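Q: Those protein sequences? They're chains A and B, same order as listed. So that you can map any letter, position 41 of the first sequence is 41 in our numbering, and since no number is skipped, the others follow by simple counting. Going from the second sequence to our numbering is simple: count from 1 and add 1000.
There are 2 protein chains.
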Amino acid sequence: MSTVIPPLPWRMVLASSSPRRRHLLHGLDMPVEITKVDIDETPPPGMPAAEVAEHLARKKAEAWEGKLADDQVLLTADTTVLLGNLLLNKPEDAADARRMLGLLAGKEHVVVTGVCLRSSRKTVSFSDRAKVLFRALSAGEIAYYVERYSPLDKAGAYGVQDWIGYTAVERIEGSFYTVMGLPMHRVYAELKLLAEQAR
Amino acid sequence: MSTVIPPLPWRMVLASSSPRRRHLLHGLDMPVEITKVDIDETPPPGMPAAEVAEHLARKKAEAWEGKLADDQVLLTADTTVLLGNLLLNKPEDAADARRMLGLLAGKEHVVVTGVCLRSSRKTVSFSDRAKVLFRALSAGEIAYYVERYSPLDKAGAYGVQDWIGYTAVERIEGSFYTVMGLPMHRVYAELKLLAEQAR
């Protein structure tokens, strides 16, 4: 069992515009600096859907042009929703969001969140997956959710931490936080490992 | 499929001192009034551990002495942690919290949340269960968590929505919100049913 005592000795640099990831990462009790990075998020042709999230997370980390001090770790992430082999990204507009929710309703899908951690010494990446079961949704419920919550910034057009997550998610198998956008237990374990290696 | 359009036509009366339940119930987009009720939470001798949560939720609803208008629904709830047949309630002090976390570490346990909904016309109760897998925890991690987060108001001495939930919960099977203290999908479904019956 590890002898590293929390909180871990890192200053985090989070390259993400997701308020959910900001909220979660702050919960690890380390300083968090917010930055941004823009990449083309189109997956390479032929890449299996389940590998896209980790690929994009790594691509974001590689594209970031800042400099890291020895006690800083850059975190990038990407979340994808898979319905069978169908990859659902962020919806284009409200109609696209309603279409996606109609596809997810009454079915089980898989959420994959990929993460890349980059320190001045090394870069590691991984992904975590969780299953999510939605109940059936009426057209009125879908319309209400899309109009009131405007989930255009979310893969699969839903937030597990808002109204639709409350009322429609019947069951999760895996990490709730992977569905929300950051597999916290894996992030913590990898940061602890990096801290042990750096001692 | 239901023809009741959200938000549901209820004004909720929540008899709970849990800030987590207040936060969650507000997320159903109905008005929420906070009230309180005090009961003896000792389970009846011989009651199976898995039935205690729903029993206490019902007992709280029955003990509440306020009056409900036709569009009001009282919600009471109770959450228990079961490690095998061992029932873990709220810890008595920091040492008890450390003891409980030591028991949960590296193992799977079950969280049962019981809910009672009482309107002017009828009373319904139900419970929902979820499995939670904790990784192994070091003594330093347990001490850090108990000192910094003081989880004395939480069954099993942990909050799935705070530092220990982030770093130590590897997997959930069931509803995350049942673990947090309110099975939201079940609450919504029962409130929708009550609304349909009231039309």
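Think of the CB as a built atom: it goes at the ideal place given N, C-alpha and C, for glycine as much as any other residue. For clarity, every value in this text was computed on a predicted model and none was experimentally measured.
Candidates B:1159, B:1102 and B:1053: which alpha carbon is nearest residue 1019 (chain B)'s?
A: The sequence position of residue 1019 (chain B) within the second sequence is 19, counting from 1. Nearest C-alpha to residue 1019 (chain B): B:1159.
Q: Output the distance between the C-alpha atoms of residue 182 (chain A) and residue 1061 (chain B), rounded to the nearest integer angstrom.
A: Translated into the one-based positions of the first sequence, residue 182 (chain A) becomes position 182. Translated into the one-based positions of the second sequence, residue 1061 (chain B) becomes position 61. Distance between the alpha carbons of residue 182 (chain A) and residue 1061 (chain B) is about 38 Å.
Q: In chain A, which residues lie with their C-beta within 9 Å of the C-beta of residue 1092 (chain B)?
A: By 1-based counting over the second sequence, the position of residue 1092 (chain B) is 92. Going along chain A, no residue has its Cβ under 9 Å from residue 1092 (chain B), so there is no contact; the nearest lies around 24 Å.
Q: Taking all protein chains shown into account, do 16 or more other C-beta atoms lie within 10 angstroms of the C-beta of residue 129 (chain A), making it buried, or fewer, making it exposed?
A: Within the first sequence, residue 129 (chain A) is the residue found at index 129, counting from 1. Residue 129 (chain A) comes out buried.
Q: Can residue 145 (chain A) and residue 163 (chain A) be called in contact, C-beta distance under 8 Å?
A: Counting from one through the first sequence, the residue named residue 145 (chain A) turns up at place 145. Counting from one through the first sequence, the residue named residue 163 (chain A) turns up at place 163. Yes, Cβ-Cβ distance for residue 145 (chain A) and residue 163 (chain A) is below 8 Å.
Q: Out of B:1015, B:1031, B:1025 and B:1171, which one is the CA nearest neighbour of residue 1108 (chain B)?
A: Translated into the one-based positions of the second sequence, residue 1108 (chain B) becomes position 108. Measuring from the Cα of residue 1108 (chain B), the nearest candidate turns out to be B:1171.
Q: Taking the alpha carbon of residue 79 (chain A) as the reference point, which residue from A:152, A:137 and A:111 has its own alpha carbon closest?
A: For the purposes of this step, residue 79 (chain A) is identified with residue 79 of the first sequence, where counting begins at 1. Of the candidates A:152, A:137 and A:111, the one whose C-alpha sits nearest the C-alpha of residue 79 (chain A) is A:111.
Q: Given residue 1136 (chain B), which residues of its chain have a CB within under 6 Å of its CB, disregarding the five upstream and five downstream residues?
A: Taking the second sequence and counting its residues from 1, one reaches residue 1136 (chain B) at position 136. Same-chain partners within the cutoff: 1105 and 1106.
Q: Is residue 64 (chain A) closer than 8 Å to residue 74 (chain A) when the C-beta atoms are compared?
A: For this step, residue 74 (chain A) is matched to residue 74 along the first sequence. For this step, residue 64 (chain A) is matched to residue 64 along the first sequence. Yes, the pair counts as a contact, with Cβ atoms nearer than the cut-off.
Q: Let me check understanding here. Comparing Cα to Cα, which of B:1167, B:1194 and B:1030 lies closest to residue 27 (chain A)?
A: Sequence index remark: in the first sequence, residue 27 (chain A) carries index 27 (1-based). The shortest C-alpha separation from residue 27 (chain A) is found at B:1167.
Q: Output the distance between the C-alpha atoms of residue 138 (chain A) and residue 1003 (chain B), rounded to the nearest integer angstrom.
A: Start at 1 with the first residue of the first sequence, and residue 138 (chain A) comes out as number 138. Start at 1 with the first residue of the second sequence, and residue 1003 (chain B) comes out as number 3. Each residue's alpha carbon lies about 8 Å from the other.
Q: Following the continuous alpha helix (DSSP H) through residue 78 (chain A), name the residue where it begins and the one where it ends.
A: The sequence position of residue 78 (chain A) within the first sequence is 78, counting from 1. Note, residue 78 (chain A): premise wrong, no alpha helix (DSSP H); beta strand (DSSP E) at 72-83.
Q: Please identify the residue among A:94, A:174, A:10 and A:153 whose C-alpha is closest to the C-alpha of residue 127 (chain A).
A: If you number the first sequence from 1, residue 127 (chain A) lands on position 127. Residue 127 (chain A) has its Cα closest to that of A:174, out of A:94, A:174, A:10 and A:153.
Q: Starting from the Cα of residue 1050 (chain B), find the closest Cα among B:1072, B:1120 and B:1113 and give me that residue.
A: Residue numbering aside, residue 1050 (chain B) sits at position 50 when the second sequence is read from its first letter. The residue with the shortest Cα to Cα distance from residue 1050 (chain B) is B:1113.
Q: Comparing alpha-carbon positions, which option in A:121, A:86, A:9 and A:72 lies nearest residue 155 (chain A)?
A: Residue 155 (chain A) sits at position 155 when you count from the first residue of the first sequence. Minimum Cα distance to residue 155 (chain A) is reached at A:86.
Q: Among all the DSSP beta bridges, which residues are the ones paired with residue 34 (chain A)?
A: Start at 1 with the first residue of the first sequence, and residue 34 (chain A) comes out as number 34. Per DSSP, A:14.
Q: Going by beta-carbon coordinates alone, are residue 1096 (chain B) and residue 1011 (chain B) separated by less than 8 Å?
A: Against the second sequence, residue 1096 (chain B) aligns to sequence position 96. Against the second sequence, residue 1011 (chain B) aligns to sequence position 11. Cβ atoms of residue 1096 (chain B) and residue 1011 (chain B): not closer than 8 Å.
Q: May I ask you to list, following chain order, the residues of the region 146-171 of chain A that have a beta carbon less than 9 Å from some beta carbon of chain B?
A: 148, 160, 161, 162, 163, 165, 166, 167, 168, 169, 170 and 171
Q: So what does residue 1136 (chain B) bridge to, in DSSP terms?
A: Along the second sequence, read from residue 1 onward, the residue named residue 1136 (chain B) stands at position 136. According to DSSP, which records beta bridges pairwise, residue 1136 (chain B) is partnered with nothing at all.
Q: Along the region 1019-1049 of chain B, where does the CB come closer than 8 Å to a CB of chain A? Name the residues.
A: 1024, 1027, 1028 and 1029
Q: Straight-line CA distance for residue 47 (chain A) to residue 1009 (chain B)?
A: On the first sequence, residue 47 (chain A) is found 47 positions in, with the first residue counted as 1. On the second sequence, residue 1009 (chain B) is found 9 positions in, with the first residue counted as 1. Distance between the alpha carbons of residue 47 (chain A) and residue 1009 (chain B): 47 Å.
Q: Report the option in A:142, A:133, A:83 and A:77 whose CA atom is closest to the CA atom of residue 101 (chain A).
A: Residue numbering aside, residue 101 (chain A) sits at position 101 when the first sequence is read from its first letter. For residue 101 (chain A), the nearest C-alpha among the options comes from A:142.
Q: Closest to residue 1032 (chain B) by CA distance: which of B:1015, B:1044 and B:1042 is it?
A: By one-based count along the second sequence, residue 1032 (chain B) stands at place 32. Nearest option by C-alpha distance: B:1015.
Q: Which first and last residues belong to the beta strand (DSSP E) in which residue 171 (chain A) is found?
A: If you number the first sequence from 1, residue 171 (chain A) lands on position 171. Residues 169-174.
Q: I want to verify the contact list: residues of chain B whose CB lies under 7 Å from the CB of residue 114 (chain A), in sequence order.
A: As a working mapping, residue 114 (chain A) is identified with position 114 in the first sequence. For residue 114 (chain A), there are no C-beta contacts with chain B under 7 Å, since the nearest C-beta of that chain is about 18 Å from it.
Q: Using only the alpha-carbon positions, how far apart do residue 44 (chain A) and residue 150 (chain A) sit?
A: One-based indexing of the first sequence puts residue 44 (chain A) at position 44. One-based indexing of the first sequence puts residue 150 (chain A) at position 150. Each residue's alpha carbon lies about 28 Å from the other.
Q: Going along chain B, which residues have a C-beta under 7 Å from residue 99 (chain A)?
A: Looking up residue 99 (chain A) in the first sequence gives position 99. Ordered by position in chain B, no residue passes the 7 Å Cβ test against residue 99 (chain A), which lies about 18 Å from the chain.
Q: Here's a check: name, in chain order, each residue in its chain whose Cβ is nearer than 6 Å to the Cβ of residue 1001 (chain B), leaving out the five neighbours to either side.
A: Here residue 1001 (chain B) is taken as the residue at index 1 of the second sequence, counted from 1. Note on residue 1001 (chain B): pLDDT 47, under 50, position unreliable in the model; no value is reported.
Q: Thinking just about the alpha-carbon of each residue, which of A:76, A:93 and A:34 is nearest to the one in residue 124 (chain A)?
A: On the first sequence, position 124 is the one that residue 124 (chain A) refers to. Distance check between residue 124 (chain A) and each of A:76, A:93 and A:34 places A:76 closest, using alpha-carbon atoms only.
Q: Among residues of its own chain, excluding the 5 on either side of residue 1024 (chain B), which ones have a beta-carbon nearer than 8 Å to its beta-carbon?
A: As a working note, residue 1024 (chain B) is residue 24 in the second sequence. Closer than 8 Å at the Cβ level, and outside the excluded window around residue 1024 (chain B), lie 1177, 1180, 1181, 1182 and 1184.
Q: Going by beta-carbon coordinates alone, are residue 1103 (chain B) and residue 1082 (chain B) separated by less than 8 Å?
A: In the second sequence, residue 1103 (chain B) corresponds to position 103, counting from 1. In the second sequence, residue 1082 (chain B) corresponds to position 82, counting from 1. In this structure, residue 1103 (chain B) sits away from residue 1082 (chain B), with a CB-CB distance that is not shorter than 8 Å.
Q: Which residues, in chain order, does the region 1175-1187 of chain B contribute to contact with chain A at a C-beta distance below 7 Å?
A: Within the region 1175-1187 of chain B, the residues whose Cβ lies closer than 7 Å to some Cβ of chain A are 1175, 1176, 1177, 1184 and 1185, listed in chain order.
Q: Using 8 Å as the threshold, is the C-beta distance between residue 68 (chain A) and residue 120 (chain A) below it?
A: Translated into the one-based positions of the first sequence, residue 68 (chain A) becomes position 68. Translated into the one-based positions of the first sequence, residue 120 (chain A) becomes position 120. Residue 120 (chain A) is positioned such that its CB atom lies closer than 8 Å to that of residue 68 (chain A).
Q: What residue range is occupied by the uninterrupted beta strand (DSSP E) comprising residue 108 (chain A)?
A: Position 108 of the first sequence, counted from the start, is the residue given in the question as residue 108 (chain A). Where residue 108 (chain A) is concerned, the enclosing beta strand (DSSP E) stretches over 108-118.
Q: Can you tell me whether DSSP reads residue 1001 (chain B) as helix, strand or coil?
A: In the second sequence, the residue the question calls residue 1001 (chain B) occupies position 1. Low confidence applies to residue 1001 (chain B): its pLDDT is 47, below 50, so where it sits in the model is not reliable, and the reading given next is rough at best. Here residue 1001 (chain B) sits in coil by DSSP.
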